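Structure record follows, encoded as C-alpha cells.
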Amino acid sequence: MKKTSIKAKELSASSRIAGFDEVVSCYTEEEALSEAKRCLQCKDPTCIAGCPVEIDIKKFIVQITRKDYKGAYFTIREKNNFPSICGRVCPAEYQCRKTCVLTKKGSPFASEKAIDIHFLERFAGDWGMKHCSPQFNVVEGRVPARGKLKSAKVAVVGSGPAGLCCAGELARHGVKVVIFETLHAPGGVLRYGIPPFRLPRDVLDFEINYLKKLGVEIVPNFVVGKIKSLDELFAEGFSAVFLGLGAGAPSFMGIPGENLCNIYSANEFLTRVNLMGAYKFPEYHTPVNIGKKTIVIGGGNTAMDAARVALRLQRLNNIKPNVNIFYRRTENEMPARKPEIEHAKEEGINFRFLVQPAEFIGDKEGYVKKIRCLACKLGEPDSSGRRRPLPIKGSEFEESCDIAIIAVGLKANQVLTGVTPRLTLDKYKDIKVNPQTMETSMRCVYAGGDIVGGEGTVIEAMGMAKKAAAAIIAKLA
Ligand SMILES: Cc1cc2nc3c(=O)[nH]c(=O)nc-3n(C[C@H](O)[C@H](O)[C@H](O)COP(=O)(O)OP(=O)(O)OC[C@H]3O[C@@H](n4cnc5c(N)ncnc54)[C@H](O)[C@@H]3O)c2cc1C
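Add 290 to a position in the sequence shown, counting from 1, and you land on the number used in my numbering.
Shown next, in the form of C-alpha cells:
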C-alpha cells in the first residue's frame, strides 16, 4: 500500500494554458479504491471535526472501499449539498486533511500521507452527477414537510454558495424558497470568480438544476435594497429572509495612479472573463484588454486565478505569455492554496516576492505603463500571525507593464446594508449575527457566508448557511 496519497492526474502545463479546460482530473475507479483503502478507519475519526459541515468522512470512504458509490454519494449529500463543487475547490489541506491522523498533530496543513479526502469526495460526487439525475436526487434527498413549513415562504438574497446551500436545505424540508440575485446568472463567486479550469460550469449548473427541481425559484437581475427593501419582501408574504450577500467589493491600495486605464480590480477582470464571456469577444459583447505584460498584485486565491486567466488570454491571442505576480511577503506567507501556487508556477507565471507597489505611472493618454515599487523585508508577525512586510528605504525600482490587476482583498458591498439601518454591522461593515442561529439584529433576518466575518471559503459559507437554515426551520415549523 502507498504511504503517501495518490495524486489525481493533471493536464500538462503547455496544453492547459491553451484554453480553459479543467486542469485536474477525477480519480479513476482504481485510484479511488486504492486511496480509500489507505484510510485507517479510526475508531474516533478526527477528520470529521475538520470539515465545516461535518460530512461523515469515515462512512463514505468505507462505502467507496466496498464499491458502494451511490451510498458514498448520498452519505456526502446528507451534509453537503455540493459534493462535486467542494471536491474541486475545498482547501482540504487546511480543513479535513489537516486533522487526518496521518498528518502529524499541530501541523499547519496536511502532510503528503494524509488521505486525499477531497479527491475521494469529488470521485463520489462526479459518480453521482453521472448516474443520478437531479430528479433522482430530489426523490432521495427530500425530507417530508411538516407543520407550518408546508406553507412557509423564505427569501434568499444572493446565489453564491451560502444562498444556494440555505435554499437547498430549506427546499428539502418543503419550504418554498425564492432566491433574488443581482447578476444575470446564479452561482456568486463559483460562477464569476473561480475560473472554469478549476470549476467547470456544467458541475455548477448540475447543482443549480437540482435546486430548481427541488422547487427553488431563482430571480436574476434583482438587487435587493434597490428594487425592493427587506420590509417590502416581508410585506409580500415572506416569513424569513436569508442574506448571503458575499464580499463582492474590491479593496484598493490607495496609491497614486491607481485609476489609470488598464488597471483592473481582480473582481472586475474575472467577472468580465468568467461571467460575461470576454475571452470570446466579439462573439460575446464584453471586451477585455489583453496586454503584453501583466502584473497582478496580491498573494491569495484571487490573485492566482486572475494571473492564470490573464496568461490564458495572452496565449489565446497569440501574445507571448508574460504574467507576473507581485507580493509583499514571501511564498511562505502567501494565503493562496499551495496546489494553486504550484499550478501557476508550472504554467509560467513569474513570482516577485517582497515587493510593495508605491505608484502606477501612465502615458499622456492615461494608460498604465509602469509600476514603481519598494523592496521589503519581513518584520515581526502582525495580527494575522504572518510576518509584517517592511519597505526598505531607498530600494525603489520601476517595472514596465501595460495591464495591472489588483487582488489585495475583498470587502462587503453596502447596497443592501447601507439602506437597512436596523441591521447591525461590525467595524468592517459585515453583518453581525447570533453565532448559534445566524439571526441578525432584525427579527427573522438571517445571514451567512462572506458577509459575516469577511472573506472565507466555500465550505465555511455553506456551514453558516446550513446553521441558518436549521434555525429558520426551527422557527417556522
Ligand atoms: C477569485 C476567487 C477564488 C476563490 N477560490 C476559492 C477556492 O478555491 N476555494 C474556496 O473554498 N473558496 C474560494 N474563494 C472564496 C469563496 O468563493 C467565498 O468564500 C464564497 O463564494 C462565499 O460565498 P457567499 O455565498 O457568501 O458569497 P458570494 O459567492 O460572493 O455570493 C454572493 C452573491 O450575492 C449576490 N448579491 C450581493 N448583494 C446582493 C443584493 N443586494 N441583492 C441580490 N443579490 C446580491 C452577489 O451578486 C453574489 O452572486 C474564492 C474567492 C474568489 C473571489
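Ideal Cβ positions, reconstructed from N, Cα and C, are used throughout, including at glycine. Note that this is a predicted model, so its numbers are computed, not measured.
For residue i, does the count of other Cβ atoms within 10 angstroms reach 16, so buried, or fall short, so exposed?
i       : result
Ser-305 : exposed
Ile-307 : buried
Leu-392 : buried
Ile-682 : exposed
Tyr-317 : buried
Lys-610 : exposed
Met-624 : buried
Pro-725 : exposed
Tyr-569 : buried
Pro-381 : buried
Glu-686 : exposed
Pro-398 : exposed
Asn-511 : exposed
Considering just the uninterrupted stretch of the beta strand (DSSP E) at residue i, what are its terminal residues?
i       : result
Tyr-617 : 613-617
Cys-456 : Not the beta strand (DSSP E): Cys-456 falls in the alpha helix (DSSP H), residues 451-462.
Asn-640 : 640-643
Val-352 : Premise fails: Val-352 lies in the alpha helix (DSSP H), 347-355, not in any beta strand (DSSP E).
Glu-688 : 687-690
Lys-660 : 658-671
Ala-694 : 693-696
Looking only at its chain, what residues have a beta carbon closer than 7 Å to the beta carbon of residue i, apart from the 5 residues adjacent to it on each side?
i       : result
Pro-647 : Met-543, Ile-545, Ile-587, Phe-616, Ile-661 and Cys-663
Glu-649 : Ile-545, Pro-546, Gly-547 and Arg-662
Gly-567 : Tyr-574 and Thr-576
Leu-550 : Phe-650, Gly-652, Gly-656, Tyr-657 and Val-658
Asp-311 : Leu-301 and Phe-487
Once the 5 residues before and after residue i are set aside, which same chain residues still bring their CB inside 6 Å of it?
i       : result
Ala-452 : Gly-534, Gly-738, Gly-739, Ala-751 and Ala-755
Gly-458 : Asn-371 and Leu-501
Arg-619 : Pro-679
Phe-532 : Val-446, Cys-456, Tyr-736 and Ala-758
Val-506 : Ala-457, Ala-461 and Val-467
Kindly examine ligand 1 and report whether one of its heavy atoms sits closer than 7 Å to the Cβ of residue i.
i       : result
Asn-511 : no
Ser-449 : yes
Thr-747 : yes
Leu-494 : no
Val-314 : no
Phe-616 : no
Thr-472 : yes
Gly-453 : yes
Cys-456 : no
Thr-592 : yes
Asn-371 : no
Asn-703 : yes
Ala-537 : yes
Arg-412 : no
Arg-387 : no
For the alpha helix (DSSP H) that residue i lies in, which residues bound it at each end?
i       : result
Gly-377 : 373-379
Leu-494 : 491-504
Phe-470 : No alpha helix (DSSP H) contains Phe-470, which is instead part of the beta strand (DSSP E) from 466-470.
Ala-445 : Not the alpha helix (DSSP H): Ala-445 falls in the beta strand (DSSP E), residues 443-447.
Leu-323 : 319-328
Phe-788 : Lying outside 291 to 767, the shown extent of the chain, residue 788 is not represented and no answer is given.
Pro-629 : 628-636
Lys-360 : 359-369
Gly-753 : 748-766
Leu-606 : 591-606
Tyr-482 : 479-482
Do residue i and residue j have their C-beta atoms closer together than 8 Å?
i       : j       : result
Lys-403 : Thr-294 : yes
Cys-422 : Tyr-363 : yes
Cys-332 : Lys-348 : yes
Asn-607 : Ile-693 : no
Lys-583 : Cys-691 : yes
Ala-414 : Ile-366 : yes
Arg-462 : Leu-489 : no
Arg-676 : Gly-669 : no
Tyr-736 : Ile-696 : no
Leu-700 : Ser-519 : no
Val-493 : Val-467 : no
Cys-386 : Cys-341 : yes
Ile-405 : Arg-491 : no
Return the chain-ordered list of same chain residues with a C-beta closer than 8 Å to the C-beta of residue i, the five sequence neighbours on each side being excluded.
i       : result
Glu-497 : Asn-371, Phe-372, Ser-374, Ile-375 and Leu-454
Please report whether the beta-carbon of residue i lies at a distance below 8 Å from any beta-carbon of chain B.
i       : result
Asp-406 : You won't find chain B in this structure, because it holds only one protein chain.
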